[in-house]
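Each remark here refers to the structure printed beneath this line.
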Amino acid sequence: IIASGGLTSTTFCSGSSITLSVPNLPNTDFEWSNGSFISSITVNSPGSYSVRIRNTITGCWSNYATYTVTMIPLPIPIILSPPSPVCLAAGGSVTLSSNYPAGNSWSGCSASSSTSSLNVSVSCLYTLTVTQAGCSASTSLNLTINPRPSAVITPSGSLINICTGSCVTLSAVNSPNTLY
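To convert, note that position 109 of the sequence shown is 584 in the working numbering; the numbers rise steadily by one, no gaps.
This is how it looks when you write it as structure tokens:
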């Protein structure tokens, strides 16, 4: 039995398949353990698959040949991050983290990394692809980053130092869409 299309001759990723075949010789019939009667079968479930071949001239059947294939589950990547939107001070960044310590590949808005975390400072759709045992899966996060407003307080007039019993009015700079 010859296997093709998997990660190796005996493994394939969940959600994909592997093809098992025997040489298609003249004057032969095939009987697979899954009920197929052709020279190749495509399987998407793990297990043992057997085939036997019959010489159509003599009517003799071969013994069963058995091949065992294993399915590797896909990783389930999760991007751990603060809830979006995130407010950042100038020069700040947010750390996005993978739930896997290795096998990570980050992308999005010129960001690229193969570590378990990624520091970002711009709004973007970030994608994390995790590869484990040759099988890959991806997830994305649309992260919105807003600038953190800065509070500026100014005294009225030119008074910086005041004497006991004196008053000064402090004002915050009025910015649109800002609550005080």
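Glycine included, every Cβ here is placed at the ideal spot set by N, Cα and C. These figures come from a predicted structure and were not determined experimentally.
For Ala586, the beta-bridge partners assigned by DSSP are Gly583.
When Cys610, Ile628 and Thr629 are compared, the shortest CA-CA separation from Ser491 is found for Cys610. Taken atom to atom, the span from the alpha-carbon of Asn519 to that of Val595 is near 39 angstroms. Nearest Cα to Glu506 within the set Cys535, Gly522 and Thr570: Cys535. The shortest CA-to-CA distance from Thr503 to any of Val526, Ser484, Ile493 and Gly567 is the one to Val526. Where Ala612 is concerned, the enclosing beta strand (DSSP E) starts and stops at Cys610 to Leu618.
Taking all protein chains shown into account, Gly583 has 16 or more neighbouring C-beta atoms within 10 Å of its C-beta and is therefore buried.
Bounds of the beta strand (DSSP E) holding Arg529 are Gly522 to Asn530. Going by beta carbons, Ser580 and Ser589 fall inside the 8 angstroms limit. Excluding its 5 nearest sequence neighbours in each direction, Pro550 has C-beta neighbours in its own chain below 6 angstroms: Val605, Gln607 and Ala612, listed in chain order. Taking C-beta atoms as the reference points, Ser598 and Leu571 fail to come closer than 8 angstroms. The residue among Ile637, Val561 and Leu555 with its C-alpha nearest the C-alpha of Tyr575 is Leu555. The beta carbon of Ala565 sits closer than 6 angstroms to none of the beta carbons in its chain outside the five residues before and after it. Check the Cα spacing between Pro498 and each of Ser515, Ile553, Tyr601 and Pro552: the tightest is with Ser515. The criterion of a C-beta distance shorter than 8 angstroms is not satisfied by Thr494 and Thr545. At a Cβ-Cβ threshold of 8 angstroms, Ala586 and Tyr601 count as neighbours.
DSSP lists Ser525 as the beta-bridge partner residues of Thr541.
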